[in-house]
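Take a look at the structure below.
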Amino acid sequence: QVRLVESGGGLVQAGGSLRLSCAASGRTFSSFAMAWFRRTPGKEREFVASVSGSGSTAYADSVKGRFTISRDGAKNTVSLQMNSLKPEDTTVYYCAAQVGSLVYNNWGQGTQVTVSS
């Protein structure tokens with residue numbers, strides 16, 4: 002199992018930026034895919050971005066061009082740089098890891114992002 006701890010959420014005005022970080026511990030970090038998801042109460046969980054062990058990235062259409070995911074193997078962290086934030090980006094963001102599985106099976110506790118208009 003991998004322990005994931007998110008940080009960096011907060012309140013920002015529309016058009017502003019935030020950087021989320023996720024610290025991983027418990028396993029060799031570089032060997033598994035990492036991702037960010039978000040979930041608003043009453044709605045299904047939404048994929049935001051992912052980065053594979055080899056560094057390949059993928060993004061949801063709704064954030065493409067605004068968000069950037071990256072990983073730092075030396076620090077065992079994965080980050081999500083969020084620029085040009087919109088009120089509709091407001092929700093809880095979760096870090097996830099795909100450990101020995103084809104699905105994301107390790108999750109952080111979530112961090113709140115609020116974008117005011």
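This note's numbering applies: residue 2 is where the sequence shown begins, and numbers increase by one.
Glycine included, each C-beta is placed from N, C-alpha and C at the ideal position.
- Its chain contains G9, S80, L81, Q82 and M83 as the residues whose beta carbon lies nearer than 8 Å to that of R20, once the 5 sequence neighbours on both sides are disregarded; these appear in chain order.
- The segment 62-74 makes contact with the segment 26-41: 3 or more CB pairs, one atom from each, lie closer than 8 Å.
- Here V104 is exposed. Its C-beta has fewer than 16 other C-beta atoms within 10 Å.
- One thing to note: V3 has its Cβ within 8 Å of the Cβ of N107.
- Within the DSSP bridge table, the entry for A36 names S51 and A97 as partners.
- When the five nearest sequence neighbours on each side are left out, the beta carbons in the same chain lying within less than 6 Å of the beta carbon of E47 are those of R39, in order along the chain.
- In the DSSP assignment, V116 falls within the unbroken beta strand (DSSP E) covering T112 to S117.
- Distance from V114 to T91 at the Cβ level is roughly 6 Å; contact confirmed, criterion being Cβ atoms closer than 8 Å.
- Out of G109, S117 and A50, the CA that lies nearest to the CA of A25 is found in G109.
- Between V52 and T58, the beta carbon gap of about 5 Å places them in contact (Cβ cut-off 8 Å).
- With respect to the 8 Å criterion, S85 and G27 are not classified as neighbours on the basis of their beta carbons.
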